[in-house]
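At the far end of the sequence shown sits residue 735, using the UniProt record's numbering, and the numbering has no gaps.
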Amino acid sequence: MAPPIFSKHSWPAWWRKAFVASRRANLFWVLELACAVALIAMIATSWIAFSSAPEKGGLVPSTHVATLLIGTLIPAMALLVLMGRRRAIKRAAGSTARLHVRLVAFFSLIAAIPTLLVAIFAAVLFQSGIEFWFSDNSRGMLENANRLARGYYEQNLRDVGSETVTMAGDLRYYLNETSILSPAFGEAYSYQVLNRKLNESAILQKDKDGKLTIAAIIDPDENNNSEMIGKVALKRIDAGEPVVVEANAERITAFTAIDRDAGIYLYAARSSDALALSQWERAQSVRQSYDVLTSKARSLQWRFNLALFFVSLALVWLAVWFALRFADRQVQPLTELVAAARRVGAGNFTVRVEGRTGADEIGLLNRAFNRMTAQIEQQTQALVTANRQLDERRAFTEAVFESITAGIISIDSDGRILLMNSSAQMILLRKQGPAPVGLALADFAPQLAAMLDASLKSGIVQYGQDSELLTLAVKIARAPAGHVITFDDITRQLVDQRQAAWSDVARRIAHEIKNPLTPIQLATERLSRRYGRQIAQDRELFDDLTSTIIRQVGDLRKMVDEFSSFARLPKPVFRQENAVDLVRQALFLQEVAHPEIDYQFQLDGDLPPTIACDRHQFGQAMTNVLKNALEAVDARRKEAGVDYRGRIAVSVTADKESFSVTILDNGVGLPKERERIVEPYMTTREKGTGLGLAIVNKIVEEHGGEMSFSANPDGGACVCLRFARDPLADRQAAE
Numbered sequence: 001m002a003p004p005i006f007s008k009h010s011w012p013a014w015w016r017k018a019f020v021a022s023r024r025a026n027l028f029w030v031l032e033l034a035c036a037v038a039l040i041a042m043i044a045t046s047w048i049a050f051s052s053a054p055e056k057g058g059l060v061p062s063t064h065v066a067t068l069l070i071g072t073l074i075p076a077m078a079l080l081v082l083m084g085r086r087r088a089i090k091r092a093a094g095s096t097a098r099l100h101v102r103l104v105a106f107f108s109l110i111a112a113i114p115t116l117l118v119a120i121f122a123a124v125l126f127q128s129g130i131e132f133w134f135s136d137n138s139r140g141m142l143e144n145a146n147r148l149a150r151g152y153y154e155q156n157l158r159d160v161g162s163e164t165v166t167m168a169g170d171l172r173y174y175l176n177e178t179s180i181l182s183p184a185f186g187e188a189y190s191y192q193v194l195n196r197k198l199n200e201s202a203i204l205q206k207d208k209d210g211k212l213t214i215a216a217i218i219d220p221d222e223n224n225n226s227e228m229i230g231k232v233a234l235k236r237i238d239a240g241e242p243v244v245v246e247a248n249a250e251r252i253t254a255f256t257a258i259d260r261d262a263g264i265y266l267y268a269a270r271s272s273d274a275l276a277l278s279q280w281e282r283a284q285s286v287r288q289s290y291d292v293l294t295s296k297a298r299s300l301q302w303r304f305n306l307a308l309f310f311v312s313l314a315l316v317w318l319a320v321w322f323a324l325r326f327a328d329r330q331v332q333p334l335t336e337l338v339a340a341a342r343r344v345g346a347g348n349f350t351v352r353v354e355g356r357t358g359a360d361e362i363g364l365l366n367r368a369f370n371r372m373t374a375q376i377e378q379q380t381q382a383l384v385t386a387n388r389q390l391d392e393r394r395a396f397t398e399a400v401f402e403s404i405t406a407g408i409i410s411i412d413s414d415g416r417i418l419l420m421n422s423s424a425q426m427i428l429l430r431k432q433g434p435a436p437v438g439l440a441l442a443d444f445a446p447q448l449a450a451m452l453d454a455s456l457k458s459g460i461v462q463y464g465q466d467s468e469l470l471t472l473a474v475k476i477a478r479a480p481a482g483h484v485i486t487f488d489d490i491t492r493q494l495v496d497q498r499q500a501a502w503s504d505v506a507r508r509i510a511h512e513i514k515n516p517l518t519p520i521q522l523a524t525e526r527l528s529r530r531y532g533r534q535i536a537q538d539r540e541l542f543d544d545l546t547s548t549i550i551r552q553v554g555d556l557r558k559m560v561d562e563f564s565s566f567a568r569l570p571k572p573v574f575r576q577e578n579a580v581d582l583v584r585q586a587l588f589l590q591e592v593a594h595p596e597i598d599y600q601f602q603l604d605g606d607l608p609p610t611i612a613c614d615r616h617q618f619g620q621a622m623t624n625v626l627k628n629a630l631e632a633v634d635a636r637r638k639e640a641g642v643d644y645r646g647r648i649a650v651s652v653t654a655d656k657e658s659f660s661v662t663i664l665d666n667g668v669g670l671p672k673e674r675e676r677i678v679e680p681y682m683t684t685r686e687k688g689t690g691l692g693l694a695i696v697n698k699i700v701e702e703h704g705g706e707m708s709f710s711a712n713p714d715g716g717a718c719v720c721l722r723f724a725r726d727p728l729a730d731r732q733a734a735e
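In structure tokens:
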């Protein structure tokens, strides 16, 4: 049974009324703000009181300290209690928050009052003690003891100094009467040392170099140290000081002059009184420590009160924490059930309540909740499994849909796009991206829409995009809600078939034509030599006819050579060649042969010194392309007239993988069917064979590159030949 303090009727009536009024008016946040402001103000006041410049050894009075401590603790404790109340409301659910709040208030009140009393008592007690230790009486006793120890130590120093001066006078008298080496002087010197209770003495003589040597010594330890008198002490004695006394932990030494003019000095030493020296040093250390403590007295006072402040707050916070823990334990079963219900509502069906499972009401409720979540989990897992299988099938279908090279389009009954794979986008739209769902097929592929309108199931259509004509093999199948169109780009396949057929034709033509050409030429030349002189009538006509036959045979031979080159282009022999020089040579030949045309040559980028290529085929490709550009310029000049000036520009660029040559001209430009320009026997000139660009395209492909055409913005054509820098390495990597 809960204690009576928790009953709602156990609180005083005025407290209950104030509590209800504060809850209705929501005044707790005002109290929190007021406590925070009061705490900040008291902290600032305490800081000013403790950090203000104190009198010498002065402390903050005990009454002020107690007042500041109480004034700081009360708002701090109240703020902790209010924070605990806020924490209790957040941690509790529903009506259980009242129990948390009441427990926090009860335990805080129990902890706060004794803590305040103990803090006040401790502060006053510490203040009384510290005031005694830093009082004037304590300071006076310490100073008297230090003065007494110092006086005793200084008296020993004066005794050694006076004894040394007196002994120096006596020794001066003895030296005037006898020699320093005489036995009488030694006895008198020993008597002086023993009578004056000295432990060590020496007479030192300064030589011409200013160095001191021992003339006589009485040293029981037999150190024979010639550096008894330091340089500083010697300078002081020579400057006129009667005696120089020094001390260390072991002895007291004195230095004086027996005869400055003669450079005779006396050194005397007496062992220190270890007890007196240690007492004096200890007194000095105690005095210094006391001075340090005196300078830090207010700081110590501040630290103690600060520690007392935080300990008091810690006690109150422990009380608040214990109250929260106790309240949590009382309402833990319901809180766990509420939290579990919320997690189930959020979609976590693996939640199980592990609280009490006995025969009481909470145990029955927990078991019923666990059975419910188990059933929901089973049903959810079945749905998840079914959805996963559907997703796997859909992913497999999409992978197949995207991986095939044929274009696939699904359209609805109105001819609008439903699905479109990447191959279809690349063929029809020349780009990849999201499928244009909802776009009408007739807007970008009217040829396919025409087949659909004609109800054709298959066919071959020509599709034009960006001045490029593609040949598509199309199949159309009916779907439940529209149609599915599949198509393949067979443009390259048709080109390869035509090239293969034309290669066979060229080989046959070259074989059939080449055989009779040589006999015809030889027979014509023989007729000209044998019967040319015998013909008297129409001799010029005879010469014209024979020369025409020979010239036409030569033209046919050139055509046969082109047929042979196209039909049986030899395999390239790759060597490292300077491609820039090859381009320059081909361009130079054209410049010499046609000076009426402006030629330009430009190098762009960091060009490689060499590339792997067939020197002969590379030069043949460059010559054919420049020849085509020249013929285009000539055709344009015939159309434009005298004011026209032909221009051919060649630029060379390179990157890590390729070497590119671009030829720009201002000729007649490209034909409309530019996609067929590299096909055999495709020509726009009257005397052209249509094999030049076909041979160039073959050479470029054998060199692992490609050939592209575009329109020159200034008029004319632009041809780009891209060669691989190392075709053999590229082929091996591809294999």
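Every residue gets a Cβ at the ideal spot worked out from N, C-alpha and C, and that includes glycine.
### Query
Ends of the alpha helix (DSSP H) at V625?
Here the alpha helix (DSSP H) through V625 covers R615 to A640.
### Task
Taking 7 Å as the cut-off, decide whether the C-beta atoms of V243 and G186 are in contact.
no
### Message
Looking at F369: is its Cβ nearer than 7 Å to the Cβ of V384?
### Response
Result no, Cβ atoms of F369 and V384 do not sit closer than 7 Å.
### Task
Can you give me the Cβ contacts of E377 inside the same chain, cut-off strictly under 8 Å, excluding the 5 residues immediately before and after it?
F349 and T350
### Euclidean distance between Cα positions of R102 and V118
Approximately 25 Å between the Cα atoms of the pair.
### Task
Since I believe V474 is in contact with L448 (beta carbons under 8 Å), could you give me their beta-carbon distance rounded to a whole number of angstroms?
6 Å
### Task
Would you tell me roughly how many angstroms separate the C-alpha atoms of H483 and A395, rounded to the nearest one?
Looking at the two C-alpha atoms, the distance is approximately 22 Å.
### Task
Report the rounded CA-to-CA distance for V30 versus V65, giving the unit in angstroms.
29 Å
### Task
Look at the Cβ atom of V316, then the Cβ atom of A111, and state whether they are nearer than 7 Å.
yes
### Task
Return the first residue and the last residue of the beta strand (DSSP E) that Y599 is part of.
D598 to L603
### Query
If you draw a straight line from the C-alpha of V104 to the C-alpha of A314, how long is it?
V104 and A314: Cα-Cα distance of roughly 15 Å.
### Message
Which of the three DSSP states is assigned to F349 in this structure?
### Response
coil
### Message
What does the alpha-carbon distance come out to for the pair D655 and Y644?
### Response
Y644 has its alpha-carbon roughly 36 Å from the corresponding atom of D655.
### Task
Would you kindly work out how many angstroms separate the C-alpha atoms of R637 and H616, rounded to a whole number?
31 Å
### Task
Find out if the Cβ-Cβ distance for the pair G669, G619 is shorter than 7 Å.
no
### Query
Expressed to the nearest angstrom, what Euclidean distance is found between the alpha-carbon atoms of D634 and L587?
17 Å
### Task
For S201, count neighbouring Cβ atoms within 10 angstroms of its own Cβ and tell me buried if that reaches 16, exposed if not.
It counts as buried.
### Message
Can you tell me where the alpha helix (DSSP H) holding R584 begins and where it ends?
### Response
A579 to A593
### Query
What number of angstroms, rounded off, separates the C-alpha of L429 from the C-alpha of I460?
19 Å
### Query
So, are the CB atoms of L308 and A44 less than 7 Å apart?
no
### Task
Could you give the DSSP three-state label for T256: helix, strand or coil?
strand
### Task
May I have the straight-line CA-CA distance separating I413 from A454, to the nearest angstrom?
Residue identity check: residue 413 is Ser in the sequence provided, not Ile. Cα to Cα, S413 sits roughly 14 Å from A454.
### Boundaries of the alpha helix (DSSP H) in which Q205 is found, first to last residue
Premise fails: Q205 lies in the beta strand (DSSP E), E200 to K206, not in any alpha helix (DSSP H).
### Three-state secondary structure (DSSP) of E540
It is helical.
### Message
Does the structure place the segment 157 to 177 close enough to the segment 260 to 272 that three or more beta carbon pairs sit under 8 Å?
### Response
yes
### Residues bridged to A319 [DSSP beta-bridge criterion]
Beta-bridge partners of A319 (DSSP): none assigned.
### Task
Just tell me which of E540, Q537, L418 and G464 has its CA closest to the CA of P480.
L418
### Query
Taking just the CA atoms, how far does L324 sit from L124?
Sequence check: residue 124 is Val here, not Leu. Using only the alpha carbons, I get a separation of about 33 Å.
### Task
Less than 8 Å between the CB atoms is what I'm expecting for A424 and I409, so what's the real figure, rounded?
5 Å
### Task
Put S651 into one of helix, strand or coil per three-state DSSP.
strand
### Query
Which term fits Q192, buried or exposed, when burial requires 16 or more other beta carbons within 10 angstroms of its beta carbon?
buried
### Short Cβ contact (7 Å threshold) for E657 with C613
no
### Query
Quick one: what's got a C-beta closer than 6 Å to F723's C-beta in the same chain, skipping five residues either side?
F659, H703 and G705
### Query
Thinking C-alpha only, which one of L603, V592 and H594 is nearest A579?
L603
### Task
Could you check the C-alpha separation between I699 and A621 for me, to the nearest Å?
7 Å
### C-alpha gap between R529 and R551, whole angstroms
16 Å
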